[in-house]
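S.K.:
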Amino acid sequence: MTIVMGIETSCDETGVGLVQDGKLLGDALASSMAEHAIFGGVVPEIAARAHLQAIVPCVQQALHKADLDLRDVGAIAVTTGPGLASSLQIGMAAAKAYAVTLGVPLFAVHHLAGHAAADTLAHGPLPAQCVALIVSGGHTSLLTLRDLAVDRINHIGDTRDDAAGEAFDKVARILGLPYPGGPSIDAAAAKGDPHAFKFPRALTGPGQPKYAFSFSGLKTAVARTVEKMQLKGQPVPVEDIAASFQEAVADVLTSKAILACQEYGAAELIVVGGVAANSRVRALAQERCDAVGVELRVPPIRLCTDNGAMIAAVGDLLVRAGAKPASLNISTTPSVQLEYASLA
Ligand code: KG4
Ligand code: ZN
Numbered sequence: 002m003t004i005v006m007g008i009e010t011s012c013d014e015t016g017v018g019l020v021q022d023g024k025l026l027g028d029a030l031a032s033s034m035a036e037h038a039i040f041g042g043v044v045p046e047i048a049a050r051a052h053l054q055a056i057v058p059c060v061q062q063a064l065h066k067a068d069l070d071l072r073d074v075g076a077i078a079v080t081t082g083p084g085l086a087s088s089l090q091i092g093m094a095a096a097k098a099y100a101v102t103l104g105v106p107l108f109a110v111h112h113l114a115g116h117a118a119a120d121t122l123a124h125g126p127l128p129a130q131c132v133a134l135i136v137s138g139g140h141t142s143l144l145t146l147r148d149l150a151v152d153r154i155n156h157i158g159d160t161r162d163d164a165a166g167e168a169f170d171k172v173a174r175i176l177g178l179p180y181p182g183g184p185s186i187d188a189a190a191a192k193g194d195p196h197a198f199k200f201p202r203a204l205t206g207p208g209q210p211k212y213a214f215s216f217s218g219l220k221t222a223v224a225r226t227v228e229k230m231q232l233k234g235q236p237v238p239v240e241d242i243a244a245s246f247q248e249a250v251a252d253v254l255t256s257k258a259i260l261a262c263q264e265y266g267a268a269e270l271i272v273v274g275g276v277a278a279n280s281r282v283r284a285l286a287q288e289r290c291d292a293v294g295v296e297l298r299v300p301p302i303r304l305c306t307d308n309g310a311m312i313a314a315v316g317d318l319l320v321r322a323g324a325k326p327a328s329l330n331i332s333t334t335p336s337v338q339l340e341y342a343s344l345a
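Residue 91 in the working numbering sits at position 90 of the sequence shown, with consecutive numbering throughout.
Given below as structure tokens:
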């Protein structure tokens with residue numbers, strides 16, 4: 002059975018994972034997050050330089066953890082898009098170098114399909130059909146998935162403006178909480194009252210699109226609330242605002258996801274991507290799935306945020322499905338839509 006090495010460098014995390022037959026053998030992760038924090042967001046030039054430094058040590062560390070030698074690797078999978086152009090190029094160049102040197106096939110992987118596949122490493126193969134909610138820093142989509150390695154991915158709904166993670170990052174900045182915003186808001190919200198402020202739940206009223214998302218109005222509502230308090234010289238209740246904002250996001254994401262499961266007859270919901278690490282999103286999704294008899298699958302937190310194992314997981318599915326490898330003149334596709342897991 003082929004051992005697949007996955008390489009992920011689409012944003013500020015350098016991830017390498019080794020997967021064989023659905024099992025994670027070893028992985029390694031380096032992050033340049035701390036270097037971006039003072040700028041309040043990812044600086045592409047800094048991220049690309051950090052990938053260049055980290056990629057080979059991450060490969061060595063993942064192999065060491067799995068107790069494997071580079072020559073044991075039988076295929077390479079790499080994130081080809083979407084992501085930051087210069088960051089993707091580092092991973093792609095490294096992946097080609099490993100593939101050519103080892104004489105093994107190269108598989109081009111869509112980053113968001115990687116998020117979905119991450120769950121298979123924790124909970125086994127995906128069912129024949131399920132609803133997936135992918136919530137990351139750049140994307141928010143409700144999908145129906147069939148065979149991830151073969152079938153076209155069906156979009157039920159997407160965000161019309163900000164992604165859920167982007168809303169967390171922007172609201173954290175408004176509240177003066179450190180980057181990345183998701184974990185900061187999650188921590189602040191734990192000490193706040195989620196009912197202190199009634200923030201809007203966009204596109205949830207009668208006659209509105211059932212599955213599309215919008216988070217920019219919610220972010221503006223938080224900004225206005227904070228501005229008004231500051232103008233009046235009132236102290237800003239950061240924890241209550243964080244909790245109320247987080248509640249609004251979790252409410253909208255989970256209510257639409259449950260509705261999709263019911264309408265599409267899915268017995269299982271998978272919630273993946275960085276925002277799936279959020280404690281309230283996880284708890285509310287569980288509560289609402291339990292109430293309607295849908296089985297919830299959410300990966301452990303370290304597999305929710307970007308990592309190399311999830312890309313290796315897609316590569317492993319592609320290898321086992323007999324998919325066509327990518328040609329060695331393939332380039333990156335920084336803004337590619339999610340249609341197929343393979344970008345070959
Ligand atoms: O999937 P991911 O690691 O990278 C992208 O593909 O974008 O997601 C990163 C996003 C960031 O916006 C980050 O703030 C958010 O996931 N995030 C969270 C939490 N942990 C990470 N959002 C809410 N709560 C969290 N605990
Ligand atoms: Zn991601």
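All C-beta atoms, glycine included, are put in the ideal place defined by N, C-alpha and C. In this text the structure is predicted, and so the values were computed from the model without any measurement.
With DSSP as the reference, label L344 as helix, strand or coil.
M.R.: coil
S.K.: Going by the beta-carbon positions, is the gap between L329 and V79 smaller than 8 Å?
M.R.: no
S.K.: If you follow the beta strand (DSSP E) that T56 is in, where does it begin and where does it stop?
M.R.: The sequence shown places Ile at residue 56, not Thr. Counting along the chain, I56 falls outside any beta strand (DSSP E), though it belongs to the alpha helix (DSSP H) covering P45 to A67.
S.K.: Where DSSP assigns a beta bridge to K24, which residues make up the other side?
M.R.: Q21.
S.K.: Just checking I186 against the ligand KG4 - is the residue's beta carbon closer than 7 Å to any of the ligand's heavy atoms?
M.R.: yes
S.K.: Please report how far the alpha carbon of S32 lies from the alpha carbon of A258, in whole angstroms.
M.R.: 31 Å
S.K.: Short of 7 Å in beta carbon distance, which residues of its chain neighbour R202, apart from the five on each side in sequence? Order them along the chain.
M.R.: In chain order, A249, D252 and V253 place their CB closer than 7 Å to the CB of R202, counting only its own chain and leaving out the 5 sequence neighbours on each side.
S.K.: Could you tell me if the beta carbon of S32 falls within a distance shorter than 7 Å of some heavy atom in the ligand KG4?
M.R.: no
S.K.: Count the other CB atoms within 10 Å of the CB of K192; is the residue buried (16 or more) or exposed (fewer)?
M.R.: exposed
S.K.: Using CA atoms only, rank isn't needed, just tell me which of H116, A119, S87 and A96 is closest to A109.
M.R.: With distances taken between Cα atoms, A109 lies closest to A96.
S.K.: Taking the alpha-carbon of K181 as reference, which of V315, V60 and N279 has the nearest alpha-carbon?
M.R.: This sequence places Pro at residue 181; Lys is not what is there. Nearest option by C-alpha distance: N279.
S.K.: Run the proximity test for D120: is its beta-carbon closer than 7 Å to any non-hydrogen atom belonging to the ligand ZN?
M.R.: no
S.K.: Going by beta-carbon coordinates alone, are I175 and V136 separated by less than 8 Å?
M.R.: Cβ atoms of I175 and V136: not closer than 8 Å.
S.K.: Measure the C-alpha to C-alpha separation of L89 and A284 and round it to an integer number of angstroms.
M.R.: 33 Å
S.K.: Identify the continuous alpha helix (DSSP H) that holds S280 and give its terminal residues.
M.R.: S280 to V293
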